[in-house]
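Chemist: Just add 222 to wherever you are in the sequence shown, counting from 1, and you've got the working numbering.
The C-beta atom is built at its ideal place from N, Cα and C for all residues, glycine as well.
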Amino acid sequence: MDAVLQEIEQTEEGYVRDVEKLCSVFVAPLREEQALSKEEMVAVFSNCETIKGVNEGLLAALQEDNGDEDPVLHLAAAFLRMAPFLRCYAEYCANFVTANEVLAKLRANSPKVDAAFQRAEMAAKQTVGSMLIKPVQRLCKYPLLFRELCKEVPEDHPAHGEVLQAALEIKDVAAQINERVREAEQRSLMMSLAEAVREPELFTVAPTLAPTLTSISSQTLTRCVSLISSLPAARSCTPQRYSSKRSPLRRSARSAPSCRTGYGCAPTYSSSASPHTRRARHDPTPTPNPN
Numbered sequence: 223m224d225a226v227l228q229e230i231e232q233t234e235e236g237y238v239r240d241v242e243k244l245c246s247v248f249v250a251p252l253r254e255e256q257a258l259s260k261e262e263m264v265a266v267f268s269n270c271e272t273i274k275g276v277n278e279g280l281l282a283a284l285q286e287d288n289g290d291e292d293p294v295l296h297l298a299a300a301f302l303r304m305a306p307f308l309r310c311y312a313e314y315c316a317n318f319v320t321a322n323e324v325l326a327k328l329r330a331n332s333p334k335v336d337a338a339f340q341r342a343e344m345a346a347k348q349t350v351g352s353m354l355i356k357p358v359q360r361l362c363k364y365p366l367l368f369r370e371l372c373k374e375v376p377e378d379h380p381a382h383g384e385v386l387q388a389a390l391e392i393k394d395v396a397a398q399i400n401e402r403v404r405e406a407e408q409r410s411l412m413m414s415l416a417e418a419v420r421e422p423e424l425f426t427v428a429p430t431l432a433p434t435l436t437s438i439s440s441q442t443l444t445r446c447v448s449l450i451s452s453l454p455a456a457r458s459c460t461p462q463r464y465s466s467k468r469s470p471l472r473r474s475a476r477s478a479p480s481c482r483t484g485y486g487c488a489p490t491y492s493s494s495a496s497p498h499t500r501r502a503r504h505d506p507t508p509t510p511n512p513n
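1. How far does the alpha helix (DSSP H) with L308 in it extend, from its first residue to its last?
2. Put D394 into one of helix, strand or coil per three-state DSSP.
3. Return helix, strand or coil for Q256, following the three-state DSSP convention.
4. Determine, using beta carbons only, whether T320 comes closer than 9 Å to chain B.
5. Near A345, what residues of its chain come up, given a Cβ to Cβ distance below 6 Å and the 5 sequence neighbours on each side ignored?
6. How many angstroms separate the CA atom of A559 from the CA atom of M412?
7. Using 9 Å as the threshold, is the C-beta distance between I273 and Y311 below it?
8. Have a look at L302 and P376 and give me their C-alpha separation to the nearest angstrom.
9. For L308 and K347, I'd like the C-alpha separation in whole angstroms.
10. Does the distance from the C-beta atom of C270 to that of V294 stay below 9 Å?
11. Please tell me whether F368 and A389 are closer than 9 Å, where the distance is taken between their beta carbons.
12. Helix, strand or coil for D290, going by three-state DSSP, please let me know.
13. May I ask you to verify whether the region 251–266 touches the region 333–345, counting CB pairs closer than 8 Å and requiring at least 3?
14. Which term fits K334, buried or exposed, when burial requires 16 or more other beta carbons within 10 angstroms of its beta carbon?
15. According to the neighbour-count rule (16 or more other Cβ atoms, all chains shown, within 10 Å of its Cβ), is E234 buried or exposed?
16. If I'm right that V226 touches L371 with Cβ under 8 Å, what's the distance once you round it to whole angstroms?
17. Classify N317: buried if its beta carbon has 16 or more other beta carbons within 10 angstroms, exposed otherwise.
18. Cα separation between E262 and A305?
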């Protein structure tokens, strides 16, 4: 049990350092140089500064002196107190669906922007892509950590109820964020379909650079898909792009050895089962397929 508690606190501390580096080495200098517009900054970095504040608060709650309080109860109480604020990850993860693509276009189209990112990457000794994905990876990690903690806490432990409640809160947050990501992926897919058939009326571009769909009838959607399948170029590239190439968000989750079902894998806990027999059930999110 002590090992799991230590892992949660230590990995949280390392994660907070990473997010602070993202904000101080990338966001702050780029904003000061005005290398990107406000809309471009949001399209790439989203609300990472808000996430930084939330996780600094969580880390402070984990590390505060708990006196004679049971350490398991102390950790569960910290997560219960901060769980509602973790919903800010929904905006970041939904934005991440297109962030890397926007970033690549910005760097390719402007030597000044590319040079600014290169300076930041040299200072951080990491690429911007490896930094942007860290909040996504951390969010995937929380349900897995609590699954391990639930295995270690016996039912007669005084903090058993609080640990189970915290695990369910984290599961609920992950499920809500997973739904936001699914919606963002569908918007991105539909925008690409509209571009492929040169039907600009299917979508509009918001000031944040994120595509927003207009109202689409089923007939228009059917026409769009039919046109896609009838185009030789589309047949050779579009289906491959969206059926075999998963989003960076899903790839990031799959790259984690303990997170095998894709992004937003939120275990479900049974309050009636023994903590030694309790198992997490994963609900994989289907990948959108234009076919």
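Modeler: In terms of the structure at hand:
1. Counting along the chain, L308 falls outside any alpha helix (DSSP H), and DSSP gives it neither H nor E.
2. helix
3. coil
4. The displayed structure is made up of one protein chain only, and chain B is not part of it.
5. So the qualifying residues of the chain are V247.
6. Only positions 223 to 513 of the chain appear in the structure, and residue 559 is not among them; the question remains open.
7. yes
8. 19 Å
9. 28 Å
10. no
11. Taking the C-beta atoms as reference points, A389 is found nearer than 9 Å to F368.
12. coil
13. Short answer: they touch.
14. exposed
15. buried
16. 5 Å
17. By the Cβ-count criterion, N317 is buried, with 16 or more other Cβ atoms from all chains shown falling within 10 Å of its own Cβ.
18. E262 and A305: Cα-Cα distance of roughly 29 Å.
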